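Asker: If you're matching them up, the sequences are chains B and V in order. One point on numbering: in our numbering, the residue at position 174 of the first sequence is 966, and numbering is uninterrupted. One point on numbering: in our numbering, the residue at position 138 of the second sequence is 139, and numbering is uninterrupted. Handing you a structure now.
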Amino acid sequence: MRADIGWAGLAISLLLVAVAVALSLWRRLDLERSIVWATVRALVQLLAVGLALDLVLDPGRTLAWSWLWVGTMLVIAAAVVRWQAREVPAVFALALAAFAAAAAITLGVLFGLGVFELEGRTLIPLAGLMTGNSMAATVLVARRVYEELRDKRAEVEARLALGLASVDASRPYVRNALRTALIPQIETTKAVGLVVLPGAMTGLILAGAEPFDAVRVQAAVMYLVLGSVATTTAVVALGVRRRLFTPDHRLVPMERPAEV
Amino acid sequence: MWFRGDDVASLDPLALRRRVGMVFQRATAFAGSVRDNLRVADPDLDDDDAALALDRADLAPEFLDRPADDLSGGEAQRMCLARTLVTAPEVLLMDEPTSSLDARSRRVLEGMTQALARDGVPVVWVTHDVPQARRLADEVVVLAEGRVGYAGTPEGAQELLDEG
């Protein structure tokens, strides 16, 4: 099978969008415009990324451009976390530090130990997989730590009143938040291959790679994602906790969202 | 603010919190059994010492295995007092501890607090209930609009309040 489907192939695949539009019209879902807008927007974004990648991954181009790309991805990922967890103080800086730490650890292992050869063609996709798959868990843990400590303020203050340090007084609530953020990724890792064929492996097979070669790459990617999620959630959880206590071990005031 | 001759700002806040035990207006039980709750105050607490702390709060040793969530309001508040006593505080600060309790639980808690005071643990009891202050206090401080309006005997405070 060829990986290149050509412009004609891409045009034919739009028939599947037509099915979605037809379904919306038939059931009067009033989603046709949204479906068409999403389709066009995704295509334009992908073409723009493809064009930019084409430039960055040019064999004559220095690796510095790829690193710049990775750095930009980390900043955008941190901005997304900031947007989705607005109530959490200093979450942009924490998320950026978390993604940077995850990148240093996971990419350091994969490239430093020679699992992948360091080049733009490997660096950018792996960094993209790392940040893309860590974002949801990072948002979740930031919000959960904040909400747990806000909603359980009476318990936390009762623990502080017994002379516990802020780290100890908040430990059960931070642990709950970390478990909540990590368990979905662990479950996804367990179910891989049984329920869904994961993206990297599917892409490689579509591109003509041998299935076992694709499986090895996919396994390395899964471990990359698991390590990355564990790192980002730990850094953010501990960072948010640190922001929510004063140096003399008092819980700072936290506002509840307005009732709607 | 000073505590036993030291400016509290100069004291280690964690050590100070263990020296000044606090019981809140609402009983706050942690997840787990009563034993688990007491061990938050001291992870090395053995069952004998735990039973002793419960006894000072007028709870039987059998309570150790009870889920803290299952306690009545009065029992939960007494468990909180026992939990605080595990830290062996030099002073107890009780912030309207009986405001959400029924009459019997209120009497039990008041009696225990008087016993603690007799045992040499000074108690600072915050209340809006003047008859309760008269029943319990040796000394009364009346706060009005954030200032000390009176400091003296319970009888003197009653006279001041009667005069309006």
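Quick reminder that beta carbons are idealized off the backbone N, C-alpha and C, glycines included. Note that the structure is predicted; figures quoted are calculated from it, not measured.
DSSP has ALA145 of chain V in a bridge; who is on the other side?
Answerer: Bridge partners of ALA145 of chain V: V:ARG148.
Asker: Can the beta-carbon of VAL873 of chain B be found less than 8 Å from the beta-carbon of VAL862 of chain B?
Answerer: For VAL873 of chain B and VAL862 of chain B, no; Cβs fall outside 8 Å.
Asker: For PHE4 of chain V and chain B, any beta-carbon pair shorter than 8 Å?
Answerer: No - not a single Cβ of chain B is within 8 Å of the one on PHE4 of chain V.
Asker: With burial defined as no fewer than 16 other Cβ atoms inside 10 Å of the residue's Cβ, what is the status of ALA149 of chain V: buried or exposed?
Answerer: Residue identity differs from the one stated: residue 149 of chain V is Val in this sequence, not Ala. VAL149 of chain V comes out exposed.
Asker: Report the three-state DSSP secondary structure of MET113 of chain V (helix, strand or coil).
Answerer: In this structure, MET113 of chain V counts as helix in the three-state DSSP scheme.
Asker: Tell me the DSSP secondary structure of VAL987 of chain B in three-state form.
Answerer: Correct three-state label for VAL987 of chain B: coil.
Asker: Under the DSSP definition of a beta bridge, which residues are partnered with PHE903 of chain B?
Answerer: BP columns for PHE903 of chain B are empty, so no partner.
Asker: May I ask which residues mark the beginning and end of the alpha helix (DSSP H) holding GLY798 of chain B?
Answerer: GLY798 of chain B -> alpha helix (DSSP H) spans 798 to 818.
Asker: Check each residue of the segment 38 to 53 of chain V: if its Cβ is closer than 7 Å to any Cβ of chain B, include it; give the result in chain order.
Answerer: So the list reads VAL41, ALA42, given in the order they occur along the chain.
Asker: Report the rounded CA-to-CA distance for ALA871 of chain B versus ALA928 of chain B, giving the unit in angstroms.
Answerer: Cα-Cα distance, rounded: 13 Å.
Asker: So, using beta-carbon positions, are GLY74 of chain V and SER100 of chain V closer together than 8 Å?
Answerer: Not closer than 8 Å, so no.
Asker: Anything in chain D within Cβ reach of ARG19 of chain V, meaning under 8 Å, just list it in chain order.
Answerer: The structure shown contains no chain D; the protein chains it does contain are B and V.
Asker: With DSSP as the reference, label MET23 of chain V as helix, strand or coil.
Answerer: Reduced to three states, the DSSP call for MET23 of chain V is strand.
Asker: PRO90 of chain V and LEU1040 of chain B - do their beta-carbons sit closer together than 8 Å?
Answerer: Reading off the sequence, residue 1040 of chain B comes out as Asp, not Leu. For ASP1040 of chain B and PRO90 of chain V, no; Cβs fall outside 8 Å.
Asker: In terms of residues, what are the limits of the alpha helix (DSSP H) holding MET80 of chain V?
Answerer: Where MET80 of chain V is concerned, the enclosing alpha helix (DSSP H) stretches over 74 to 86.
Asker: Check this for me: beta carbons of ARG1048 of chain B and ARG942 of chain B, under 8 Å apart or not?
Answerer: Cβ atoms of ARG1048 of chain B and ARG942 of chain B: closer than 8 Å.
Asker: Hey, is LEU15 of chain V's beta-carbon within less than 8 Å of any beta-carbon in chain B?
Answerer: Yes, LEU15 of chain V counts as interfacial toward chain B.
Asker: Could you tell me which uninterrupted alpha helix (DSSP H) segments, each at least 4 residues in length, are contained entirely in the segment 30 to 54 of chain V, listed from first to last along the chain?
Answerer: As far as the segment 30 to 54 of chain V is concerned, its whole alpha helix (DSSP H) runs of at least 4 residues are 35 to 42.
Asker: Terminal residues of the continuous alpha helix (DSSP H) containing VAL92 of chain V?
Answerer: Run containing VAL92 of chain V: none in the alpha helix (DSSP H); it sits in the beta strand (DSSP E), 92 to 96.
Asker: Should VAL1044 of chain B be labelled buried (16 or more other beta-carbon atoms within 10 Å of its own) or exposed?
Answerer: So VAL1044 of chain B ends up on the exposed side.
Asker: If distances are taken between C-alpha atoms only, which option among V:PHE31, V:TRP3, V:ALA77 comes closest to ALA946 of chain B?
Answerer: Comparing Cα-Cα distances from ALA946 of chain B to each of V:PHE31, V:TRP3, V:ALA77, the minimum goes to V:PHE31.
Asker: May I ask you to report which of helix, strand or coil DSSP gives VAL755 of chain B?
Answerer: The requested residue 755 of chain B does not occur in the structure, where chain B is confined to residues 793 to 1052.
Asker: Determine whether the Cβ of GLU947 of chain B lies closer than 8 Å to any Cβ atom of chain V.
Answerer: Yes, GLU947 of chain B lies at the interface with chain V (some Cβ there is under 8 Å from its Cβ).
Asker: Under 8 Å between C-beta atoms, does THR88 of chain V make it to chain B?
Answerer: Taking Cβ atoms only, chain B reaches closer than 8 Å to THR88 of chain V, which makes this a yes.
Asker: Let me check one thing: in DSSP terms, what residues is ASP71 of chain V bridge-paired to?
Answerer: Answer by DSSP bridge pairing: none, since ASP71 of chain V is not bridged.
Asker: For GLY1000 of chain B, name the three-state secondary structure that DSSP assigns.
Answerer: GLY1000 of chain B: coil per DSSP, three-state reduction.
Asker: Put ASP8 of chain V into one of helix, strand or coil per three-state DSSP.
Answerer: Residue state, collapsed to three classes: strand.
Asker: Throw me the rounded Cβ distance for the LEU970 of chain B and THR1025 of chain B pair, which I believe falls under 8 Å.
Answerer: About 6 Å separates the two Cβ atoms, so the contact holds.
Asker: Looking at the structure shown, is GLY121 of chain V part of a helix, part of a strand, or coil, going by DSSP?
Answerer: Residue state, collapsed to three classes: coil.
Asker: Looking only at its own chain, which residues have a Cβ that is under 6 Å from the Cβ of ALA52 of chain V, when we skip the five neighbours before and after it?
Answerer: PRO62.
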